[in-house]
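Asks: Below you will find the structure I want to go over with you.
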Amino acid sequence: MSVDRSEFRQGWKVVAASALGIGTGLSPIPFYTTGVFVAPLSAEFGWGVDQIMFSLVIMTFGAMIMGPVAGMAADRFGVRRVVLVSVLLFGVTLAGFALSNGSLTLFYVNWMLMAALGSGTLPITWTRAVNNWFNANRGLALGLSLLGTGLFGAFAKLYANYLIGIVGWRMAYVGLALLPLLLSLPVAYFLFRDVTDKGATGAPAKVVHRGFTLRQALGTYRFWVLAIAFVPIAFAVGGPIPNLEKILGSKGLDAQQAVQIASIIGPSVIAGRLIGGWLIDRFWAPAVAFVLLALPAAACLLLTGDGVTATPAIVAVLLIGFAAGVEYDILAFMVSRYYGMRAYGAIYGMMYGFFALGAGFGPFTFGRMFVQSGTYDTALIYGAIALLAGAALLLTMGRYPAPESLPEGDIRA
């Protein structure tokens, strides 16, 4: 299958704006940088690693509740309005962590506010427009749009670590907040358009509202297969990432080396996005997912045992990052192929809630097991099993339905 360059000539602005918006949004920035803030927050307030990682659980609940709401709002009122408002509010609430005073309650409240108000920056919204602009190269376009998580995941981790060393952790939070406010907000304002928005020059023909409503999707077995499968997948992929510095440090690597190796995850996420996106345009997505998500189970096993050296640590981080690069675009792609675009935001938003459940509890569970036992090995073994189980479950999805067989009508149906 050749690349339809006309799709990219028409939709490159949307892909670029989406990559920047997703990359500086709620999905990667807090997730990839929380581990860097563990040491300074623990030193200043005496909080344990499990208490700090519990903030990601708080964020999970916010995303689970407000993610579907953001998706439905994008379906009904237009995705551009949702993302512009949410980018602004996400930046403001992220900067709010600089005002932390030692109260865990207030710290957690700010996490909930950030998740609720910043949910419109999740891939749920941006990928709706990307799916509408692209058909033949939808997987690759989604992969390119989601590259921002890898690029900014690596950059934000190093950037936050640098700022903490130069201006302290409080101003580091402000520096992170400037990324969405000064980068993605103006770019989205000028470049980001759905196909039906005013100013969407070169847009394909008006998209027909064909596909399942949320209510119809909830009544299909495929919805629950996807939902259940991505809970353990997100747990196993998401659990190690914010804990990487602590995992590597517990294996005998010094702090600076641990941060450097952990930052390699960014390029591997990028590779997962591009390779995974290219593959799902050409092969059955569940099979691609099985192979690419099952292999990183070996990464979890590489990090177990005493005295892990730099080489296996690098290989493990690369495999985990590759899986993190694949999971988002495969989920978005399968929602669009199996359920159509009629209520994409609502369906993907609900699906994202299950994904967030695994991703949110993963880091906390890994951190809690370390506090209780002094090692991450048990959590890593559970992660390997979860990856294999979740990936295998996706093989029961069946063929894509023919586009013309999908129901057509108003998204309120």
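Okay, so the sequence shown: first residue is 593 according to our numbering, each after it adds one. All residues carry an ideal CB built from backbone N, CA and C; glycine is no exception.
Once the 5 residues before and after Phe-815 are set aside, which same chain residues still bring their CB inside 6 angstroms of it?
Replies: Here the set comprises Ala-809.
Asks: Suppose the cutoff is 8 angstroms on Cβ atoms and the five residues either side in sequence are ignored; what does the same chain contact list for Ala-905 look like?
Replies: Excluding positions up to five away in sequence, the list reads Leu-840, Lys-843, Leu-845, Ile-853, Leu-894 and Leu-895.
Asks: Which value, in whole angstroms, describes the spacing of the CA atoms of Phe-669 and Asn-753?
Replies: Approximately 39 angstroms, taken between the alpha carbons.
Asks: Can you tell me the Cα-Cα spacing of Ala-951 and Phe-646, whole angstroms?
Replies: For Ala-951 and Phe-646, the distance between alpha carbons rounds to 12 angstroms.
Asks: Between Met-942 and the ligand ATP, is there a pair consisting of the residue's CB and a ligand heavy atom that are separated by less than 7 angstroms?
Replies: The ligand ATP is not part of this structure, which contains no ligands at all.
Asks: Give me the residue from Ile-650, Thr-652, Phe-629 and Met-651 with the minimum Cα distance to Val-641.
Replies: Selected option, being the one with the closest Cα: Phe-629.
Asks: Over the uninterrupted alpha helix (DSSP H) stretch that includes Leu-743, give me the two end residues.
Replies: Note, Leu-743: alpha helix (DSSP H), 739 to 759.
Asks: In whole angstroms, what separates the C-alpha of Thr-685 from that of Leu-705?
Replies: If you take the alpha carbons of Thr-685 and Leu-705, they lie about 7 angstroms apart.
Asks: Can you round the beta-carbon distance between Ala-735 and Arg-874 to whole angstroms, since I take them to be within the 8 angstroms contact cut?
Replies: It should be pointed out that residue 735 corresponds to Gly in this sequence rather than to Ala. Contact flag wrong, Cβ pair sits at about 12 angstroms.
Asks: Which one of Leu-681, Tyr-992, Leu-885 and Val-607 has the shortest CA to CA distance from Ala-826?
Replies: Considering only alpha carbons, the answer is Leu-885.
Asks: Which same chain residues, not among the five before or five after Val-779, have their C-beta less than 6 angstroms away from its C-beta?
Replies: Ala-609 and Leu-612, listed in sequence order.
Asks: Once you ignore the five residues that flank Gly-830 on each side, which residues in its own chain have a CB closer than 6 angstroms to its CB?
Replies: Counting only Cβ-Cβ distances below 6 angstroms, and skipping sequence neighbours, we find Ala-951 and Gly-954.
Asks: What's the gap between the Cα of Ala-721 and the Cα of Ala-655?
Replies: For Ala-721 and Ala-655, the distance between alpha carbons rounds to 20 angstroms.
Asks: Could you check what DSSP says for Arg-934 in three-state terms: helix, strand or coil?
Replies: Coil, per DSSP.
Asks: Out of Met-933, Pro-834, Phe-689 and Ile-657, which has the shortest C-alpha to C-alpha gap to Asp-786?
Replies: Closest by alpha carbon: Met-933.
Asks: Taking the straight line between their C-alpha atoms, what separation do you get for Gly-731 and Val-674?
Replies: Distance between the alpha carbons of Gly-731 and Val-674 is about 23 angstroms.
Asks: How far does the alpha helix (DSSP H) with Arg-814 in it reach, from first residue to last?
Replies: Here the alpha helix (DSSP H) through Arg-814 covers 813 to 830.
Asks: To test your reading of the DSSP string, which unbroken alpha helix (DSSP H) runs of 4 or more residues are found completely within the region 867 to 913?
Replies: Complete alpha helix (DSSP H) runs here, min 4: 877 to 886 and 889 to 894.
Asks: Return the CA-CA distance between Gly-913 and Ala-821, expressed in angstroms with no decimal places.
Replies: Those two C-alpha atoms are separated by around 19 angstroms.
Asks: Since Phe-682 is in the alpha helix (DSSP H), which residue starts that stretch and which ends it?
Replies: Note, Phe-682: alpha helix (DSSP H), 671 to 687.
Asks: Roughly how many angstroms lie between the CA atoms of Ile-856 and Ile-939, to the nearest whole one?
Replies: For Ile-856 and Ile-939, the distance between alpha carbons rounds to 33 angstroms.
Asks: Assign Arg-785 to one of three DSSP states: helix, strand, or coil.
Replies: Correct three-state label for Arg-785: coil.
Asks: Can you name the residues that DSSP bridges to Arg-601?
Replies: None; Arg-601 has no bridge partner.
Asks: For Leu-771 and Ser-737, I'd like the C-alpha separation in whole angstroms.
Replies: Distance between the alpha carbons of Leu-771 and Ser-737: 17 angstroms.
Asks: Based on Cα-Cα distance, which residue from Phe-726, Tyr-974, Gly-990 and Ala-877 lies nearest to Val-606?
Replies: For the residues Phe-726, Tyr-974, Gly-990 and Ala-877, the minimum Cα distance to Val-606 belongs to Phe-726.
Asks: Taking buried to mean at least 16 other C-beta atoms within 10 Å of its own C-beta, is Ser-678 buried or exposed?
Replies: Buried, because 16 or more other Cβ atoms sit within 10 Å of the Cβ of Ser-678.
Asks: For a test of the three-state rule: what should DSSP assign to Gly-803, helix, strand or coil?
Replies: Three-state result, Gly-803: strand.
Asks: Specify, as a first and last residue, the run of the alpha helix (DSSP H) that Trp-725 falls within.
Replies: Taken as a continuous stretch (DSSP letters only), the alpha helix (DSSP H) holding Trp-725 covers 715 to 725.
Asks: Is there contact here, the region 741 to 759 with the region 685 to 703, by at least three beta-carbon pairs under 8 angstroms?
Replies: Touching, no.
Asks: Between Ala-769, Gly-966 and Val-927, which has its C-alpha nearest Pro-715's C-alpha?
Replies: When each option's Cα is compared against that of Pro-715, the closest is Val-927.
Asks: Find out if the Cβ-Cβ distance for the pair Ala-662, Val-766 is shorter than 8 angstroms.
Replies: Contact: no.
Asks: Glu-837 to Thr-625, Cα distance in whole Å?
Replies: Cα to Cα, the separation comes out at about 11 angstroms.
Asks: Taking 6 angstroms as the limit between beta carbons, can you name the residues of its chain near Val-918, skipping five residues before and five after?
Replies: Answer for Val-918: Gly-864, Gly-868 and Leu-884, listed in chain order.
Asks: Suppose you measure from the CA of Gly-683 to the CA of Ile-621; what does that come to, to the nearest Å?
Replies: Cα to Cα, the separation comes out at about 11 angstroms.
Asks: To the nearest angstrom, how far is the alpha carbon of Phe-653 from that of Ala-948?
Replies: Using only the alpha carbons, I get a separation of about 8 angstroms.
Asks: For Ala-764, collect the residues of the same chain with a Cβ closer than 6 angstroms to its Cβ; drop the 5 residues on either side in sequence, then sort them by chain order.
Replies: So the list reads Ala-752, Leu-755 and Ile-756, once near-sequence residues are dropped.
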